[in-house]
Amino acid sequence: MMKIASIINGAERIDGSGEKMEVRNPYSGELVAEMFLADEKEMEEAIENSRQTFQQKMKTMPAHERADILLRASELLEEKKEEFAEIIAMEAGKPLKHSRAEIMRSIQILRFSSELSKHTAGEVVPMDAALRGDNRMGMVKRVPMGVIGAITPFNFPLNLSLHKIAPAIAAGNTVIFKPAEKTPVSAYMLAKLFKDAGLPDGALNLVLSTGKTAGTTLVPHKDVPKITFTGSLTVGKIIRDTAGFKKVTMELGSNSPNIVFEDADIDDAVDRLVNAAFGYSGQVCVSAQRIYVQQGIYDEFLKKYIEATNQMKIGDPLEEETDFGPMIDENAAKRIQEWVEEARDQGATVETGGERKGTMMHPTIITNVKKDMKVVREEAFAPIVTVIPFKTEEEAVENTNDSIYGLQAGVFTKDISRAYRVADSLEMGGVWINDSSVYRQDNYPYGGVKLSGLGREGVKYAMEEMTEMKFIGARL
Ligand SMILES: NC(=O)c1ccc[n+]([C@@H]2O[C@H](COP(=O)([O-])OP(=O)(O)OC[C@H]3O[C@@H](n4cnc5c(N)ncnc54)[C@H](O)[C@@H]3O)[C@@H](O)[C@H]2O)c1
Ligand SMILES: O=C[C@H](O)CS(=O)(=O)O
Numbered sequence: 004m005m006k007i008a009s010i011i012n013g014a015e016r017i018d019g020s021g022e023k024m025e026v027r028n029p030y031s032g033e034l035v036a037e038m039f040l041a042d043e044k045e046m047e048e049a050i051e052n053s054r055q056t057f058q059q060k061m062k063t064m065p066a067h068e069r070a071d072i073l074l075r076a077s078e079l080l081e082e083k084k085e086e087f088a089e090i091i092a093m094e095a096g097k098p099l100k101h102s103r104a105e106i107m108r109s110i111q112i113l114r115f116s117s118e119l120s121k122h123t124a125g126e127v128v129p130m131d132a133a134l135r136g137d138n139r140m141g142m143v144k145r146v147p148m149g150v151i152g153a154i155t156p157f158n159f160p161l162n163l164s165l166h167k168i169a170p171a172i173a174a175g176n177t178v179i180f181k182p183a184e185k186t187p188v189s190a191y192m193l194a195k196l197f198k199d200a201g202l203p204d205g206a207l208n209l210v211l212s213t214g215k216t217a218g219t220t221l222v223p224h225k226d227v228p229k230i231t232f233t234g235s236l237t238v239g240k241i242i243r244d245t246a247g248f249k250k251v252t253m254e255l256g257s258n259s260p261n262i263v264f265e266d267a268d269i270d271d272a273v274d275r276l277v278n279a280a281f282g283y284s285g286q287v288c289v290s291a292q293r294i295y296v297q298q299g300i301y302d303e304f305l306k307k308y309i310e311a312t313n314q315m316k317i318g319d320p321l322e323e324e325t326d327f328g329p330m331i332d333e334n335a336a337k338r339i340q341e342w343v344e345e346a347r348d349q350g351a352t353v354e355t356g357g358e359r360k361g362t363m364m365h366p367t368i369i370t371n372v373k374k375d376m377k378v379v380r381e382e383a384f385a386p387i388v389t390v391i392p393f394k395t396e397e398e399a400v401e402n403t404n405d406s407i408y409g410l411q412a413g414v415f416t417k418d419i420s421r422a423y424r425v426a427d428s429l430e431m432g433g434v435w436i437n438d439s440s441v442y443r444q445d446n447y448p449y450g451g452v453k454l455s456g457l458g459r460e461g462v463k464y465a466m467e468e469m470t471e472m473k474f475i476g477a478r479l
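What follows is the structure, given as structure tokens:
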């Protein structure tokens, strides 16, 4: 059993405030680690140290040095990928095959960040385009903001943390990293990995605290000009209300839709949508929650979809063959079971699944739903999916857009004109044609409209949000 603690200015705070929290394997209940929690005083100390490290080191560190550190971090992660995958499987209950996929993406984020750290160039402004601008020169530089507060969720503990930390460092900032309480072990290992990669002490301060401590201390702090948050809408709203006059990036939730038209390759859509709904037990912000299927293929799609879902191997995340594991804790599983029962009471049909044992909620497909049922309207963040028939393209678009969320959608069709027409009509941060809402790679702008978020991640775009534009003009 590991003992882990905050790492501030390179030093582990194992004696910290005295308060401790256990990290348990959501599948077996075994103790994975004991975490020493930082209190508000330690958070304050970490912020002051990050401020000084920015002023004294990171602000002036040349781009080639930042690039080398990020590249070295990617190499170290490659070397330690099995160790990280096992820890994520244990602390998050994520099947090993999915944990490995997360590490593979994390390595790429570090590589992209290393490359892009050499290209935060800014631009030259054509000053003579304006009257009075003759004999003037103007340039826009991209400058780091200072201390970035990075608050992350449990579901992709490495990948989503690196989507904040790596671009922040690439742009020359320092970071206060506040990971989720459920998954702090991979965060602790990541902080150590950066130290081994040569990142100066204090450039990445890991603060293992409760959300409450982060909310009262980090979020409103005058020396933290930027908060980048990934998590629930509920917490996102609190942060937005308390951050005051600072910049915030918010990657929030969704009840992601997918539309399958009659001309789609049904087997391919089935295959992709099984993973989209049930990968990591649906605890993915872009999990397929609403699948709209055109009437002519509805019965065939549903039959094949149920068959494919029932073929998943359910079990221990640490076993190689496991496709589907537990939810993060029993409360999460109980909540979703209640939602399923409520839908059933309101007339829905549970085609498969619906049962729960402890943290294990079985993959659940629900039909005959109405649009105001919780399972359709609210973010489930669980292994449930609704399958809903539609007649026309207009109806599919209207139903899809009928949500407070707008993160990513999938559209399956062989008709290229319809594909682009529908993609244009959807109120989403991103649309995939012939892939599902869950597909993401780490170099395109990713984020939501409506209540799914503010701003964008994806290394280049996160770097833009973690730098200020500074104009410098000259009269010649
Ligand atoms: N859009 C995206 O990219 C994306 C990605 C992953 C997860 N999510 C969303 O995250 C949610 C699930 O993750 P979760 O359960 O870890 O989310 P959560 O909102 O409960 O917690 C996220 C983080 O916020 C911290 N926190 C809690 N209260 C806080 C407060 N008052 N002030 C500051 N920080 C606080 C937590 O300690 C944790 O580190 C889902 O809604 C999911 O859709 C979104
Ligand atoms: O949970 C939502 C995340 O954005 C998924 S991913 O890590 O980006 O694939």
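Adding 3 to a residue's 1-based position in the sequence shown gives its number in our numbering.
Note that CB positions come from ideal geometry on N, CA and C, so glycine has one too.
Use the C-beta contact count for residue i: other C-beta atoms within 10 angstroms, 16 or more gives buried, fewer gives exposed.
| i | result |
| --- | --- |
| Asp42 | buried |
| Ser420 | exposed |
| Ala132 | exposed |
| Cys245 | The amino acid occupying residue 245 in the given sequence is Thr; Cys does not appear at that position. Under this definition Thr245 is an exposed residue. |
| Thr237 | exposed |
| Asn138 | exposed |
| Met466 | buried |
| Arg54 | buried |
| Val127 | exposed |
| Thr216 | buried |
Taking the alpha-carbon positions, what's the residue i to residue j distance?
| i | j | result |
| --- | --- | --- |
| Gly432 | Leu479 | 44 Å |
| Lys167 | Glu460 | 8 Å |
| Ile387 | Tyr295 | 15 Å |
| Val353 | Ile112 | 39 Å |
| Ile331 | Gly125 | 42 Å |
| Phe393 | Thr312 | 22 Å |
| Met64 | Gln444 | 29 Å |
| Asp199 | Ile242 | 33 Å |
| Ala76 | Glu15 | 20 Å |
| Ser120 | Ala174 | 6 Å |
| Glu85 | Tyr283 | 18 Å |
| Glu265 | Val462 | 37 Å |
| Glu81 | Ser116 | 15 Å |
| Pro170 | Gly141 | 26 Å |
| Asp309 | Thr367 | Looking at the sequence itself, residue 309 is Ile, so the reference to Asp does not match. Approximately 9 Å, taken between the alpha carbons. |
| Val378 | Trp342 | 6 Å |
| Leu429 | Arg293 | 14 Å |
| Glu78 | Ile110 | 8 Å |
| Gly256 | Phe157 | 13 Å |
| Pro147 | Leu202 | 16 Å |
Provide the residue span of the alpha helix (DSSP H) that contains residue i, from first to last.
| i | result |
| --- | --- |
| Leu255 | Looking at the DSSP string, Leu255 is not in any alpha helix (DSSP H), and its letter there is neither H nor E. |
| Ala95 | Lys84 to Ala95 |
| Pro187 | Pro187 to Asp199 |
| Ile241 | Leu236 to Thr245 |
| Met107 | Leu99 to Leu119 |
| Val343 | Glu333 to Asp348 |
| Arg421 | Ile419 to Ser428 |
Reducing DSSP to helix, strand and coil, say where residue i ends up.
| i | result |
| --- | --- |
| Glu78 | helix |
| Thr325 | coil |
| Asn402 | helix |
| Asn162 | helix |
| Ala206 | coil |
| Thr389 | strand |
| Lys373 | coil |
| Leu34 | strand |
| Tyr447 | coil |
| Tyr408 | strand |
| Ala272 | helix |
List the endpoints of the continuous beta strand (DSSP E) containing residue i.
| i | result |
| --- | --- |
| Gln55 | First-last for Gln55: Glu43 to Gln59, but that is the alpha helix (DSSP H), not the beta strand (DSSP E). |
| Gly152 | Val150 to Ile154 |
| Ile294 | Arg293 to Gln297 |
| Met466 | First-last for Met466: Val462 to Glu468, but that is the alpha helix (DSSP H), not the beta strand (DSSP E). |
| Ile436 | Gly433 to Ile436 |
Please name the residue, chosen from the options, that lies closest to residue i on a Cα-to-Cα basis.
| i | options | result |
| --- | --- | --- |
| Ile151 | Phe87, Arg145 and Val178 | Val178 |
| Ala335 | Phe264, Glu37, Val238 and Thr362 | Thr362 |
| Pro320 | Lys23, Lys306, Leu99 and Met46 | Leu99 |
| Asp271 | Gly141, Ile91, Glu81 and Lys417 | Lys417 |
| Glu37 | Glu45, Tyr191 and Val26 | Val26 |
| Asp409 | Glu323, Glu345, Glu341 and Ser290 | In the sequence on display, residue 409 carries Gly and not Asp. Among Glu323, Glu345, Glu341 and Ser290, the Cα nearest to that of Gly409 is on Ser290. |
| Lys229 | Arg338, Ala426, Ile50 and Ile391 | Ile50 |
| Ala267 | Met253, Lys240 and Gln298 | Gln298 |
| Gly450 | Thr389, Leu163 and Ile436 | Leu163 |
| Asn261 | Gln59, Ala92 and Val434 | Val434 |
| Val372 | Glu381, Ala351 and Gly356 | Ala351 |
Compute every distance between the C-beta of residue i and the non-hydrogen atoms of ligand 4, then say whether any falls below 7 Å.
| i | result |
| --- | --- |
| Ile294 | Absence of ligand 4 is noted for the structure shown, with ligand 1 and ligand 2 being the only ligands found. |
Would you say residue i lies against chain C (beta-carbon separation less than 8 Å)?
| i | result |
| --- | --- |
| Val434 | Structure shown: chain C not included; a single protein chain is present. |
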